[in-house]
Amino acid sequence: MRQGARAILDYVMNMPLVHCFVINWNGLEHLEACFEALLAGTYENARFVLIDNASEDGSAEFVQGTYGYDPRLDIVVNASNLGWSAGNNVGLEQALDGGADYVFLLNNDTVVAPDAIERLVEMAAARPEAGALAPKMLLYDSPDIINSVGLECSVIGSTWDLGIGRLDGPHWATPRKVIGVCGGACFLRTSALRKTGLLPTGFGIYLDDLDLCLRLWDAGYEVWNCPDAVVRHKYSATM
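Following this note's numbering, the numbering of the sequence shown begins with 1049 at its first residue and continues without gaps.
Below you can see the structure in the form of structure tokens.
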């Protein structure tokens, strides 16, 4: 029995380690759906971290009280609202120091499919040239409509979510290269981050995700979407 348990533990520990970070500021109403989905996922070697930007609505207390029993859970409470980039950078630094192979940045108004992390890890392993992957983001209340399958950018710098508002279907089922990944659900390779650096902090609430992806391209990596990994998103709920 002990040998069997040890074999299972060794198997899990040899899987790539994924750190999932949920950035939050006064988003208590979204956290139950978000963490219920994450903790019910099929991927076994993952850690789940709430990055709380000094919320005043009891967000951190709720997550601790509801899910604190789970050893995979951690909570980081920042002293002030650092915003999306700087707040996530706290988590990225933790992941790099903690030996994570991948990080998954999520907005608090996302709900991941049970196998989403598993599908992302599989594709990242199959495409070592990919520094970032974009899951298929669907609208939370209209899950047949696409929110984003990556970012596209014009020659004059205009940026938009690929597929936004379009009906999901076979056309979106094939992985493709994209310019960038929507920061609402962004899967990153930590070895690539060690070369590019972390998220920029000077853009406000937009373009920081694109900036990081452009630096990945400059460093010799590619950015792909991963349509088999599905994330539902309450679009603009936490702007």
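Ideal placement from N, C-alpha and C gives every residue a C-beta, glycine not left out. Predicted model only: the values in this text are computed from it and were never measured.
Based on DSSP bridge pairs, tell me the residues matched to residue i.
{"i": "HIS1281", "result": "THR1158 and LEU1187"}
{"i": "ILE1194", "result": "LEU1186"}
{"i": "CYS1274", "result": "PRO1183"}
{"i": "PHE1235", "result": "PHE1152 and LEU1181"}
{"i": "ILE1099", "result": "ILE1071 and VAL1124"}
{"i": "LEU1215", "result": "ILE1193"}
{"i": "VAL1066", "result": "ALA1094 and TYR1150"}
{"i": "TRP1208", "result": "GLU1200"}
Can you have a look at residue i and say buried or exposed, based on whether 16 or more other CB atoms are within 10 angstroms of its CB?
{"i": "ASN1273", "result": "buried"}
{"i": "ASN1062", "result": "exposed"}
{"i": "PRO1305", "result": "Absent from the model: residue 1305. The displayed extent of the chain is 1049 to 1287, so no value can be given."}
{"i": "SER1128", "result": "exposed"}
{"i": "GLY1231", "result": "buried"}
{"i": "ARG1242", "result": "exposed"}
{"i": "GLY1131", "result": "buried"}
{"i": "HIS1219", "result": "exposed"}
Within a Cβ cutoff of 7 Å, which residues of the same chain sit near residue i, ignoring the five residues on either side of it in sequence?
{"i": "LEU1215", "result": "ASP1192 and ILE1193"}
{"i": "VAL1169", "result": "PRO1064, VAL1066, TYR1091 and TYR1150"}
{"i": "SER1202", "result": "none"}
{"i": "GLY1106", "result": "LEU1076"}
Ignore the nearest five residues each way along the sequence and tell me which others in residue i's own chain have a CB closer than 8 Å to its CB.
{"i": "ALA1148", "result": "LEU1065, VAL1066, HIS1067, ARG1095 and THR1238"}
{"i": "LEU1144", "result": "THR1238, LEU1241 and ARG1242"}
What number of angstroms, rounded off, separates the C-alpha of residue i from the C-alpha of residue j?
{"i": "THR1090", "j": "GLU1166", "result": "7 Å"}
{"i": "GLY1113", "j": "ALA1102", "result": "17 Å"}
{"i": "ALA1267", "j": "PHE1110", "result": "40 Å"}
{"i": "ASP1257", "j": "ARG1263", "result": "10 Å"}
{"i": "GLU1141", "j": "GLY1211", "result": "32 Å"}
{"i": "PRO1275", "j": "LYS1225", "result": "12 Å"}
{"i": "ALA1172", "j": "GLY1135", "result": "25 Å"}
{"i": "GLU1104", "j": "ASN1072", "result": "11 Å"}
{"i": "LEU1187", "j": "THR1244", "result": "31 Å"}
Residues in its own chain within less than 6 Å of residue i by CB, not counting five upstream and five downstream?
{"i": "VAL1125", "result": "ASP1100 and ALA1108"}
{"i": "TYR1269", "result": "GLY1179 and ALA1240"}
Take every Cβ of the segment 1206 to 1223, pair it with every Cβ of the segment 1147 to 1166, and state whether three or more of those distances are shorter than 8 Å. no
Is the segment 1118 to 1137 touching the segment 1161 to 1168, taking contact as three or more C-beta pairs under 8 Å? The answer is no - the segment 1161 to 1168 does not touch the segment 1118 to 1137, with fewer than three Cβ pairs under 8 Å.
Would the segment 1223 to 1239 count as touching the segment 1176 to 1183 if we require 3 or more Cβ pairs under 8 Å? Under the 8 Å Cβ criterion, the segment 1223 to 1239 counts as touching the segment 1176 to 1183, having at least three qualifying pairs.
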